[in-house]
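Each residue of the sequence shown is one higher than the one before, counting from 53 in this note's numbering. Here the structure comes first, spelled out in structure tokens, and everything after it is commentary.
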Amino acid sequence: MAKIKHNNFLDTVDEVISNATEAGVIHLNAEGDHLNGRKIKIRGKESYHFGTTGYLGLEQDMRLKKAAVDAILKYGTQFPLSKTYISHPLYSLLEEKMTAVYNHPVIITKNSTLGHMAVIPTAVRDEDAVILDHQVHWSVQNAAQILKTRGIPVSLIRHNSLEMLETRIREFSDKAEKIWYMADGVYSMYGDFAPIEELMELCKKYPQLHLYFDDVHGMSWKGSHGAGYVMSVLNELPENVLLVGTLSKTFGASGAVVACSNKSLFRKIKNFGGPLTFSAQLEPASVAAAIASAEIHLSDEIYDLQSDLQEKIRYFNQLLSQTVLPLISVNESPVFYIGTGLPATGYNFVNRLMNEGFFVNLGLYPAVPVKNTGVRITISRHNQLADIKALSEAMEYHYPLALEETGNNFERVGKAFRLEITSPKTTAKGSGSLEVQYENTIFRIPKEEWNKCMGGKGAFDWDGQLFLEKVFNGNEKREHQWSFHYFIIRDEYKNSVLSTFLSISLWKDDMTAPASVSKKLEETRERDPYFMTSPVLSLGSTFTEGEHLFIKRKHPRWEEALKLLLQEIEKLSEKVRAEMVVLRDFEKDDTLARIFNDEGYIPAEMPESCVLEGLDWKDEQDYMERLSSRSRRHFRKEVQPYEDKFDIRIVQNPHPGEIEEFYQLYKNVKQNNYGINTFTYPQKLFFSMADSPNWEFIVLKLHSSLFEGTEPPVVGVMFCYKNLDVTYVPSLVGMDYKYATEFQVYRQLLYQTIKRAKDLGFKRIDFGLSASFEKRKFGATVKRRLSYVQTEDNYKMESIGMMRNES
53 MAKIKHNNFL DTVDEVISNA TEAGVIHLNA EGDHLNGRKI KIRGKESYHF GTTGYLGLEQ
113 DMRLKKAAVD AILKYGTQFP LSKTYISHPL YSLLEEKMTA VYNHPVIITK NSTLGHMAVI
173 PTAVRDEDAV ILDHQVHWSV QNAAQILKTR GIPVSLIRHN SLEMLETRIR EFSDKAEKIW
233 YMADGVYSMY GDFAPIEELM ELCKKYPQLH LYFDDVHGMS WKGSHGAGYV MSVLNELPEN
293 VLLVGTLSKT FGASGAVVAC SNKSLFRKIK NFGGPLTFSA QLEPASVAAA IASAEIHLSD
353 EIYDLQSDLQ EKIRYFNQLL SQTVLPLISV NESPVFYIGT GLPATGYNFV NRLMNEGFFV
413 NLGLYPAVPV KNTGVRITIS RHNQLADIKA LSEAMEYHYP LALEETGNNF ERVGKAFRLE
473 ITSPKTTAKG SGSLEVQYEN TIFRIPKEEW NKCMGGKGAF DWDGQLFLEK VFNGNEKREH
533 QWSFHYFIIR DEYKNSVLST FLSISLWKDD MTAPASVSKK LEETRERDPY FMTSPVLSLG
593 STFTEGEHLF IKRKHPRWEE ALKLLLQEIE KLSEKVRAEM VVLRDFEKDD TLARIFNDEG
653 YIPAEMPESC VLEGLDWKDE QDYMERLSSR SRRHFRKEVQ PYEDKFDIRI VQNPHPGEIE
713 EFYQLYKNVK QNNYGINTFT YPQKLFFSMA DSPNWEFIVL KLHSSLFEGT EPPVVGVMFC
773 YKNLDVTYVP SLVGMDYKYA TEFQVYRQLL YQTIKRAKDL GFKRIDFGLS ASFEKRKFGA
833 TVKRRLSYVQ TEDNYKMESI GMMRNES
């Protein structure tokens, strides 16, 4: 089974961001010799600026600018000394004014990221536990990772899921002194809010619960004296709540502010809060600008500014309500998110708006799930009502065109965001005269056509699929009940352009996590067998490995056929209610990668796959000569001396007693190997192998001379599939670990597999995944491949990734 690694997150993000950069929608440069907030110049074109997070426009206020300039002239460009020793002359005044804004003591930090790194490890004790909202800002999640080095449990819950939060609180209640829930006041992508009132009710129910809010996107435009969204709900800051605001973004200067009403905790953070102790302090210009902004906040003027912004927010909401544009969260925040679903549509839509003179932000992975790509529009006081109206009209005109041009439609976007969208339907372009044949059994697929496209590549030729359908149908356990789905796409001349099959089955979410994570989860599964499992729709199945997708690359319409297939997979995924779609086993191909990314899939690295070809050697000596010098030494030392320790049999139709013995050997390996943590296959599979002419068993039994007076045991078995006299597939292995090391059982099984394939005249051996280091010693070629993954959200993948880091 393909292993999707969780340690290549940076590589995945790099590829996604690189695609967006190539599309010209991020990593842009502002041009010109001045900025005014209303417009911004990009690639030589003046555009209306709908991407700022300075919602009140204070960064352009002359009072802040003058204060910054005066501070530089008086105090220099910086005050290069830790604030623990001494603060420069303006700091105390800023702290005094921000204390007045919050009506609570505050600590000033260099920025919110360093603020979280200072506060979180200090506030959270070793005996505490932490729960993160899935969409809490990256800077909070990153700071929380530090806690794991101290053994503090850190876990994720789905966004704003109070039910999941309460469940997790109960789980930690007997283990932790304090339970910290960390969330944003206003979320930066969708502009939605944390359910603060409901959270405070939970605090009453569970006194252990403490709240930590990042409210940088709620600052200034909301609350008394602009103290932010969280304070607008709470009014007073309880001792069990920590609040981080900002002096940048809407506040118009730089830095961040931490508000804390617990005097003891306040002192500890101030005395030793990591970056607070060892980092340089804010520059005089930033502090002076923040003081000027604080004075505005402490005056009645702040309410005029808030009111002006709210008028523009209401106006934009009113305009959007008269369109069919899919606004993901309707609220009073200055952040608006128009869903596009597919990244390709997002790229197209952003570029169309930029060409019309409107700068907006693209929301993409990892900030949002890849299939929830969209356009983030922010409203500020710089925007005039005429600008807002022009943007609304441009979006209403270009959005359907962007959908049509990228083969998308309103219905697909609605499904991606789980919204009901009433709109005129558009038709995906390009299906033309391509014909899709879909079947849910291999019986209805022409055998000759299937084998021409899919034969000789693994254990999924026509007969192989028929075998799997019989095994994984009619079973009681959910994990053994699979369904198979076949697609052939033909051109107008009935020629196959594309063929593939998919399966829907239950996967363990930790299938590819480190063994330490799986072992931990298996302890829970002893009580709850389906804990952290998901229905997954994947190319191939967990039993097969290899090239599950045939595409005739020379055909002029192959890309069109692939996009048509992806649309069919999307429909199928919804029908079978899959939580994840996995397109498996691809070599690194820029063309496919681009198409998959555009259609909402992210790349995930697989483990190395091993193939042995060139089985035309004459004898053992000839075979050895083809190995590297190091592999030859290994063969002479670890393989040759042990071959005569075994009685080796090729078993075609084992009797039931043998099958039960082989099955136990398989389970030995399964229970000792969490590298690819699948469900244990049913015994039915092995009895079906015994009845099939395409399966055979290479059986290793220790030589009788080693066991005087007793029957020697069977210590190893390789379960092998014969694919059209082309490819020999050792699909599973079983061993008795009592003898495995002493007699080098696994290595002998590999060698006997090679000899058997040679004797039968096969051209190649698909050695599959895992143990690539061992297989390479026998001459196997190692191939690196990718899968492409699409999820309903990132929650489960990131939860497992978090557990991986913890382990």
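The beta carbon of each residue, even a glycine, is placed where N, CA and C say it ideally should be.
Shown here for V588: same chain residues with a beta carbon closer than 8 Å to its own, the five before and five after excluded, namely I556, S557, L558, W559, A630, E631, M632, V633, V634 in chain order.
When beta bridges are read from the DSSP output, L295 appears opposite F265, A311.
DSSP places A246 outside both helix and strand once states are collapsed to three, so it counts as coil. When the beta-carbon positions are compared, N746 and K774 come within less than 9 Å of each other. The shortest C-alpha to C-alpha distance from F519 to any of V309, T298, S535 is the one to S535. Fewer than three pairs of CB atoms, one per stretch, sit closer than 8 Å, so the segment 307-322 makes no contact with the segment 231-239. Following the DSSP letters along the chain, one finds V663 in no alpha helix (DSSP H) but inside the beta strand (DSSP E) bounded by residues 661-665. Take the alpha-carbon of Y367 and the one of L437: they are about 8 Å apart.
By DSSP's assignment, N413 forms a beta bridge with R428. In the three-state reduction of the DSSP assignment, M658 falls in the coil class.
A contact is defined here as three or more CB-CB pairs under 8 Å, and the segment 168-177 fails this definition with respect to the segment 376-389. Rounded to whole angstroms, the separation of the alpha carbons of Y399 and P452 is 14 Å. Between the segment 340-349 and the segment 302-316 there are three or more inter-stretch CB-CB distances shorter than 8 Å, so the stretches are counted as touching.
Taking C-alpha positions only, Y143 is separated from L299 by approximately 13 Å. Residue environment analysis places Q374 among the exposed positions, since fewer than 16 neighbouring C-beta atoms fall within 10 angstroms of its C-beta. For Q692, no alpha helix (DSSP H) run applies, since DSSP gives it neither H nor E.
In this structure, the CA atom of Q197 is about 13 Å from the CA atom of T165. Of all alpha-carbon atoms in D63, L62, V68, the one lying nearest the alpha-carbon of E651 is that of V68. CA-CA distance, E223 to L214, rounds to 14 Å. One Cα belongs to G96, the other to A82, and the distance between them is close to 9 Å. Collapsing the DSSP output to three states places T779 in a strand. Per DSSP, the continuous alpha helix (DSSP H) segment holding E148 begins and ends at 143-154. Between P734 and N527 the beta-carbon gap is near 6 Å, inside 8 Å, which marks them as a contact. Our two residues, K522 and V841, have alpha carbons roughly 28 Å apart in a direct line. Counting only the Cα atoms, Y127 lies some 16 Å from L116.
Comparing C-alpha distances from E448 to each of D185, V549, V402 shows the shortest one belongs to V402. Inter-residue distance for V268 and I728 is about 41 Å (C-alpha atoms, whole angstroms).
With a cutoff of 9 Å on beta-carbon distance, E544 and E487 are scored as near each other. K301 and N163 have their C-alpha atoms roughly 11 Å apart.
Nearest neighbour of A228 by Cα position, chosen from D180, E626, G106, turns out to be D180.
The DSSP assignment places complete alpha helix (DSSP H) segments of no fewer than 4 residues inside the segment 307-351 at 315-323, 327-330, 336-349, in order along the chain.
The C-beta distance from L199 to V182 rounds to 6 Å, short enough to meet the 8 Å contact threshold. With contacts defined by Cβ atoms closer than 9 Å, F265 and V282 form a contacting pair. The DSSP-derived three-state label of E83 is strand. The beta carbon of Y107 sits closer than 8 Å to the beta carbons of S272, W273, K301, T302, L361, P386, T430, I431, S432, R433 from its chain, once the five residues preceding and following it are set aside; these are given in chain order. Residue pairing by DSSP places K835 opposite S661 in a beta bridge.
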